[in-house]
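Residue numbers (the working numbering): 3 to 443.
Glycine included, each C-beta is placed from N, C-alpha and C at the ideal position.
Structure first, then comments.
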Amino acid sequence: MPATVEAPEENTHMSSAEASLITNPAFGMDEEVAPSGWYYGWLMLALAMLLMISTAPGQTFGLTFFNSSFRNAFALSQSGLSAIYLVATVFASLFLPYLGSLIDRFGMKRSVLLGVSMMALTCAFASQVQGVASLLMAFMLLRTVGPGCMTLLANNTLARWFDRRLGLASGIMQVAMAGAMASVPVLVIALIDTFGWRGAYLTLATFFAAGLLPLLMLVYRESPAQVGQFIDGMRTQCPRQSKLNGSGLDIQQAMRHRTYWIMLTAAAIWALIGTGLVFHVETIFQHQGLGNADSARALRFLALGMATMQILGGLLADRLATRYLLVTSIGLIAISCTILALGNVALFTTGYAIYGGAQGLMTIVACTAWPRFFGRAHLGKIRGTSLTAAIAGSSVGPLIMGVSTDYLDGFTPALWLFAGGAVVVAIACFWVVPPRMERED
3 MPATVEAPEE NTHMSSAEAS LITNPAFGMD EEVAPSGWYY GWLMLALAML
53 LMISTAPGQT FGLTFFNSSF RNAFALSQSG LSAIYLVATV FASLFLPYLG
103 SLIDRFGMKR SVLLGVSMMA LTCAFASQVQ GVASLLMAFM LLRTVGPGCM
153 TLLANNTLAR WFDRRLGLAS GIMQVAMAGA MASVPVLVIA LIDTFGWRGA
203 YLTLATFFAA GLLPLLMLVY RESPAQVGQF IDGMRTQCPR QSKLNGSGLD
253 IQQAMRHRTY WIMLTAAAIW ALIGTGLVFH VETIFQHQGL GNADSARALR
303 FLALGMATMQ ILGGLLADRL ATRYLLVTSI GLIAISCTIL ALGNVALFTT
353 GYAIYGGAQG LMTIVACTAW PRFFGRAHLG KIRGTSLTAA IAGSSVGPLI
403 MGVSTDYLDG FTPALWLFAG GAVVVAIACF WVVPPRMERE D
């Protein structure tokens, strides 16, 4: 018979891990089980890090230094390029819930191999674009496969291998992403300077097809059971762990809870603002009389702030309630936008570093909260809707910034709009609590 438990909202000091226990009554109580020695999940963590880094060609920080090449090659204005990016990203976001369902249906390894193959083909296609229509298609494919499909695969890989240590594992994985944000702009600039922008995309396609794909074919495993282990590397399987992959809310059930919608809104505002700041980073600094070296330096400090908060956030996610992490993260985004809007050039890098810290914390929440709140049975589809919201939001941010600079004489109006929106969402995040879970005995 169905069992329904309402999470006690009055316990405001509940951590995400504690919320998982309360919202999963069918799991039973956790027992203390000793680790079994070396755990294959740590190798899977390394592969998840590679998958996360491989989202870079479709991430805003991986695209932004191609922008001047695109504008020159196709005679595009700042707002014109932003509009193409918006349309492509909106279309990309529509596929993600469906992709999440396919991952749930066909399994992780086949999905991972197909995702990396698609990234290789997409980079090869991007090297051959000849006009606005093909550029639109390239943007759509890069956004779908990179921050969409590949991010989903990296996060779901960790959810298959970690539970108690999911916060720590997520923090470690996201540090790799911070490293990518610091190094990819330098790599992209070097590749464009050496081979041109078309050659740069061909080089990336070769890396995915000849490097990453064979590695994943050899060492990627679907779950701990395939190597005779249990989740988190425990010696025996406790009652709760035995149901981790088989229990959880479906998307219709998740949508009945306010926590789902608040987290969706937080993901959208985070992506909207962050994409706007990073997509136009060159132009923001140029408007202040600064060059590409300064904007690249700002992204390095963004990555440093991101890595710092990912390490700290990975530890805090296993100890503090998700609401506090969300409020802190969105609040820091509001502060960073305020600093940039005030126009003090000396503090621009600081503003980007603070945003990086906010992003680091948000990535940890995105990795840990969804499986802990809503279970793993339908995690692909639920995370797909979250990524849809994030990617849809990210499509709007660059356009708002582009319109602001083309028609409102600078980025400042957009930055104040971003700061105000972030404050509203940060307040709403105080109402994020563990949702009610409906189970079948």
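Take residue 308, set aside five residues on each side of it, and the residues of its chain with a beta-carbon closer than 8 Å to its own are 176, 179, 180, 183, 358, 359, 361, 362, 365, in chain order. For residue 40, no alpha helix (DSSP H) run applies, since DSSP gives it neither H nor E. Burial state of residue 271 is buried, judged by a 10 Å Cβ sphere holding 16 or more other Cβ atoms. Look at the beta carbons and you see the region 77-85 not touching the region 185-194: under three pairs across the two are nearer than 8 Å. By a beta-carbon distance limit of 8 Å, residue 381 contacts residue 158. Their separation comes to about 6 Å.
Within the region 311-377, the runs of alpha helix (DSSP H) that reach at least 4 residues and sit entirely inside it are, in chain order, 324-343, 350-376. Around the beta carbon of residue 112, fewer than 16 other beta carbons lie within 10 angstroms, which makes this residue exposed. Residue 168 and residue 369 have their C-alpha atoms some 8 Å from each other.
The beta carbons of residue 351 and residue 413 sit no closer together than 8 Å.
Nearest C-alpha to residue 147 among 392, 201, 211, 61: 61. In the displayed model, residue 257 falls within coil according to three-state DSSP, outside both helix and strand.
Check the Cα spacing between residue 426 and each of 226, 55, 333, 403: the tightest is with 333. Distances from the CA of residue 99 to each of 331, 265, 387 were compared; the closest alpha carbon is that of 387. Out of 280, 296, 131, the CA that lies nearest to the CA of residue 204 is found in 131. Residue 367 and residue 319 have their C-alpha atoms some 7 Å from each other. In this structure, the alpha-carbon of residue 143 lies about 27 Å from that of residue 286. In the three-state reduction of the DSSP assignment, residue 133 falls in the coil class, being assigned neither a helical nor a strand state.
Cβ-Cβ separation between residue 384 and residue 253: approximately 6 Å, consistent with a contact (criterion under 8 Å). Shown here, residue 250 sits in a strand according to DSSP, grouped into three states. Between the beta-carbon of residue 137 and that of residue 76 there is about 6 Å, and that keeps the pair under the 8 Å contact cut. Residue 403 and residue 345 have their C-alpha atoms spaced approximately 15 Å apart. For residue 156, the closest alpha carbon among the candidates 70, 195, 55, 96 is that of 55. Contact holds between the region 216-229 and the region 39-48, because three or more Cβ pairs, one in each stretch, are under 8 Å apart. For residue 108, the number of other beta carbons within 10 angstroms of its own is below 16, and it is reported as exposed. Proximity to residue 166 across 59, 229, 321, 200 peaks at 321, based on C-alpha coordinates.
In this structure, residue 123 and residue 215 do not form a Cβ contact; the two beta carbons are roughly 11 Å apart against a cut-off of 8 Å. For the pair residue 126 and residue 207, the CB atoms are nearer than the 8 Å cut-off. Around the C-beta of residue 199, 16 or more other C-beta atoms lie within 10 Å, and the residue is accordingly described as buried. Here the alpha carbons of residue 49 and residue 164 stand approximately 14 Å from one another. CA-to-CA, the gap between residue 373 and residue 290 works out to about 43 Å. Here residue 224 carries a coil assignment [DSSP, helix/strand/coil]. The Cβ atoms of residue 275 and residue 67 lie no closer than 8 Å to each other. Only buried fits residue 128, as 16 or more other CB atoms lie within 10 angstroms of its CB. Following the DSSP letters along the chain, one finds residue 125 inside the alpha helix (DSSP H) bounded by residues 110-128. Taken atom to atom, the span from the alpha-carbon of residue 195 to that of residue 317 is near 40 Å.
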